[in-house]
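The numbers in this note's numbering rise by one with no breaks, and the one at position 122 of the sequence shown is 137. All C-beta atoms, glycine included, are put in the ideal place defined by N, C-alpha and C. Here's the structure, in structure tokens; my notes come after.
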Amino acid sequence: MTVWCYFAFYLFLRTTALGEINITQNPTILDTLKGDSAGISCHWNSEDDQQVRVQWRKYILSTEEENGTELCSLRTKKNNYSEVRNNKTSCNVANNTAQLTIYSVTEDDGGLYVCQVIIEIPILRKAKGSGTRLNVRHNDNNGGRDIKFLYLTVLLIIPILICLCCLYCKRRKKKELFLDHIYGNVRKTQRSNRKSTSKKHTKKTSV
């Protein structure tokens with residue numbers, strides 16, 4: 016019994032000497048466009064940890080929800096690199112820093128992401144980050160595309176309108192020339208008829 020008391024007291028002193036784990040999670044708020052990738056980092060201050068387990072969890076509203084949804088969990092030893100990857104997320108740990116990457120973000124990926132660090136050796140300790148709020152926004156480039164399409168349409172329509180105007184003017188000019196030619200012949204015929212009529216009248220008068 017005495018041995019267990021000394022051992023418990025030793026663990027208490029050891030834990031107190033090591034202190035609490037301070038976790039810095041960045042960024043606090045992350046705005047990401049739909050379809051892009053989102054990256055969140057987590058750093059802690061422990062120096063003599065020999066084995067660490069890192070968990071990333073997603074909460075819809077707050078950390079008060081039941082445990083949230085576990086995205087990944089990986090264990091690593093001091094100064095080692097560890098990574099877990101799937102089609103949707105990638106988690107890695109190295110040098111007291113963990114990184115979570117979410118690929119092809121969708122609206123369902125919006126929520127609160129929290130990093131939990133569990134130091135398993137030499138003394139069991141654990142702490143959570145303050146969380147990162149991921150907001151997924153729609154791509155607003157559609158308006159820009161519409162404007163570009165409008166500009167392109169105008170640039171295409173203007174030359175077509177100019178060509179149509181030129182063709183119309185040419186056809187109108189040809190028509191006017193054609194009409195002038197016809198009317199000119201008619202006028203000549205009328206003049207010649209008048210002259211012949213006047214000559215006939217003059218001859219009748221002289222008789």
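Nearest to residue i by alpha carbon, out of the options?
i, options, result
"G50", "Y118, P137, L167 and I136", "Y118"
"K92", "V67, R72 and V99", "V67"
"V129", "D63, R186 and S88", "S88"
"N11", "N102, N110 and R100", "This structure gives no information on residue 11, because the portion of the chain shown stretches from 16 to 222."
"T112", "K185, N41 and L192", "N41"
"D123", "K143, T116, G144 and L149", "L149"
"L48", "G125, R100 and C178", "G125"
"L127", "I55, L182 and N37", "I55"
"Y13", "L179, G144 and I172", "What is shown of the chain runs 16 to 222, which leaves residue 13 out entirely."
"N102", "T116, Y96 and V108", "T116"
"H58", "C178, R152, V108 and V151", "V108"
Any idea what DSSP makes of residue i, helix, strand or coil?
i, result
"V120", "coil"
"T168", "helix"
"K190", "helix"
"L182", "helix"
"L76", "coil"
"I177", "helix"
"N150", "strand"
"K92", "strand"
"G54", "strand"
"T112", "strand"
"S105", "strand"
"N41", "strand"
"G83", "coil"
"E98", "strand"
"Q65", "coil"
"T31", "Residue placement at T31 is flagged as unreliable, the pLDDT there being 41, under the threshold of 50; the coordinate-derived value follows with that caveat. In this structure, T31 counts as helix in the three-state DSSP scheme."
"G126", "strand"
What does the alpha-carbon distance come out to for the pair residue i and residue j?
i, j, result
"E35", "D64", "12 Å"
"K182", "K189", "Sequence inspection shows Leu at residue 182; the Lys mentioned does not correspond to that position. Their backbone Cα atoms lie some 11 Å apart in a straight line."
"A142", "R90", "15 Å"
"I44", "L170", "43 Å"
"C106", "Y96", "11 Å"
"N37", "A53", "24 Å"
"H153", "L165", "22 Å"
"R186", "I175", "16 Å"
"V179", "I172", "According to the sequence as given, residue 179 is Leu; it is not Val. Going by the C-alpha atoms only, they are around 10 Å apart."
"D46", "T147", "10 Å"
"C184", "I177", "11 Å"
"N60", "T121", "33 Å"
"R247", "V99", "Shown here, the chain extends from 16 to 222; a query on residue 247 therefore has no answer."
"L86", "T104", "8 Å"
"L76", "T84", "12 Å"
"I138", "E62", "12 Å"
"T168", "E191", "34 Å"
"R140", "Q114", "20 Å"
Run through the DSSP bridge pairs and tell me what residue i is partnered with.
i, result
"E135", "None; E135 has no bridge partner."
"K49", "Looking at the DSSP assignment, K49 forms no beta bridge with any residue, so it has no partner."
Compare the C-beta of residue i with all C-beta atoms of chain D and state if any pair is closer than 8 Å.
i, result
"P42", "Any reference to chain D falls outside this structure, which holds one protein chain only."
Checklist entry - Counting Cβ pairs closer than 8 Å, one from the segment 121-136 and one from the segment 68-76, do we hit at least three? => result The segment 121-136 vs the segment 68-76: in contact.
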